[in-house]
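Numbering (the numbering used here), first residue to last: 640 to 971. By construction, the Cβ of each residue, glycine as well, lies at the ideal position given by its N, Cα and C atoms.
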């Protein structure tokens, strides 16, 4: 029998503005799923840790090593070192993602490698937005994923652990080098944000994800990395649910709401959710009621925890469980 697992970060909004943002939304399929399913909430975790668990890995699994293999880099001790822009807002240093080309990425990394030559640190940019640093030894630090740092003050998010002082020093040294880089002068002249730092994250021991799913669909490249390592078919996100015959579990991971919320664009959040209702939730609801899928599991990642909702066909027909509007499910 087929089943579907759907992971949606930031579906539940903070209480202080949930009612206003959700006012007027028509979400009949979602509201029935939330009201008729069996619910459970577990402790908060990063999306990266949750994804690792979905593929049978511990939260400490090295996503940088997984990504390095995906991007064709050799084995080694790896950290992600993604290019970012740090914007000073009064006493806050806010992280923003940047877009750049392959030539720029390679030139930035070449400058970093010249600067750190002989120190057991080497930078690579197999993709313009995905940089890595290979280390001589595994660093004794705990890091925060880039997805959790975007739009936030990074002062409390820097590496922690036995080697934290050294890596904070390196973080500051990299900022000074990039701040004065001539490429950034050209970027600013074109009206583009300068690349004035890198975000270090994703360390840990490499592990092999388990092939738990029949197929995987997501707009998150990290999900594609897990799927590739597990040998599971992967496809990018589409406008409609990719329905297909066959047994096994399908994994769907969608970051559309998280991206809108990180930008502070609540209108885009509403529009994305309406499109998701039409393209995914309504077809999934009909498939569950009609018996074409036997189980639907919804994982909502929020600041107060991970909310699990599980539905079978019997639950889908439990009409006496009255639907509530989405605003009734805000974060604590």
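Residue environment, residue i, which counts as buried when at least 16 other CB atoms sit within 10 Å
{"i": "residue 823", "result": "buried"}
{"i": "residue 906", "result": "exposed"}
{"i": "residue 942", "result": "exposed"}
{"i": "residue 956", "result": "exposed"}
{"i": "residue 687", "result": "buried"}
{"i": "residue 847", "result": "exposed"}
{"i": "residue 711", "result": "exposed"}
{"i": "residue 656", "result": "exposed"}
{"i": "residue 727", "result": "exposed"}
{"i": "residue 859", "result": "buried"}
{"i": "residue 946", "result": "buried"}
{"i": "residue 954", "result": "buried"}
Start-to-end residues for the alpha helix (DSSP H) that takes in residue i
{"i": "residue 954", "result": "952 to 955"}
{"i": "residue 928", "result": "921 to 928"}
{"i": "residue 760", "result": "Counting along the chain, residue 760 falls outside any alpha helix (DSSP H), though it belongs to the beta strand (DSSP E) covering 760 to 766."}
{"i": "residue 600", "result": "One cannot answer for residue 600 here, as it falls past the ends of the chain, which runs 640 to 971."}
{"i": "residue 860", "result": "860 to 869"}
{"i": "residue 744", "result": "741 to 754"}
{"i": "residue 803", "result": "803 to 818"}
{"i": "residue 823", "result": "821 to 828"}
First and last residue of the uninterrupted beta strand (DSSP E) at residue i
{"i": "residue 736", "result": "731 to 736"}
{"i": "residue 938", "result": "934 to 941"}
{"i": "residue 769", "result": "769 to 774"}
{"i": "residue 855", "result": "854 to 857"}
{"i": "residue 837", "result": "836 to 840"}
Member of the options whose CA lies at the smallest distance from the CA of residue i
{"i": "residue 717", "options": "777, 901, 671", "result": "777"}
{"i": "residue 814", "options": "838, 965, 885", "result": "838"}
{"i": "residue 890", "options": "663, 694, 688", "result": "694"}
{"i": "residue 900", "options": "787, 732, 697, 682", "result": "787"}
{"i": "residue 699", "options": "770, 684, 712", "result": "684"}
{"i": "residue 911", "options": "844, 929, 877", "result": "877"}
{"i": "residue 646", "options": "894, 677, 924", "result": "894"}
{"i": "residue 600", "options": "772, 892, 756, 774", "result": "With the chain running from 640 to 971 in the structure shown, residue 600 is simply not present."}
{"i": "residue 962", "options": "676, 643, 663", "result": "676"}
{"i": "residue 738", "options": "968, 852, 831, 909", "result": "831"}
{"i": "residue 594", "options": "927, 966, 964, 969", "result": "Look at the range of the chain in this structure, 640 to 971, and you will see that residue 594 is not part of it."}
{"i": "residue 834", "options": "840, 888, 826", "result": "826"}
For the region 876 to 919, which segments carrying the beta strand (DSSP E) assignment without a break, of at least 3 residues, lie completely within its bounds, in sequence order? Those beta strand (DSSP E) runs which fall completely within the region 876 to 919 and span 3+ residues are 887 to 892.
Between the region 798 to 812 and the region 773 to 784, are three or more C-beta pairs nearer than 8 Å? The answer is yes - the region 773 to 784 touches the region 798 to 812, with three or more Cβ pairs under 8 Å.
Could you tell me whether the region 751 to 770 touches the region 707 to 717, where touching means 3 or more Cβ pairs closer than 8 Å? With a cut-off of 8 Å, the region 707 to 717 and the region 751 to 770 count as touching, because enough Cβ pairs lie within range.
Is it the case that the region 807 to 817 contacts the region 670 to 683, given that we only count it when at least three CB pairs across the two stretches are under 8 Å? Not touching, per the Cβ criterion.
Ordered list of alpha helix (DSSP H) runs contained in the region 644 to 715, each at least 4 residues: Every alpha helix (DSSP H) of 4 residues or more that sits fully in the region 644 to 715 is shown, in chain order, as 654 to 661, 667 to 675, 686 to 693, 702 to 709.
Does the structure place the region 642 to 659 close enough to the region 931 to 951 that three or more beta carbon pairs sit under 8 Å? The region 931 to 951, when compared against the region 642 to 659, does touch it at the 8 Å Cβ threshold.
Pairing CB atoms from the region 922 to 932 with CB atoms from the region 870 to 888, are three or more of them under 8 Å? Yes, they touch.
Contact between the region 857 to 873 and the region 746 to 753 (3+ Cβ pairs under 8 Å): Cβ pair count under 8 Å is below three, so no.
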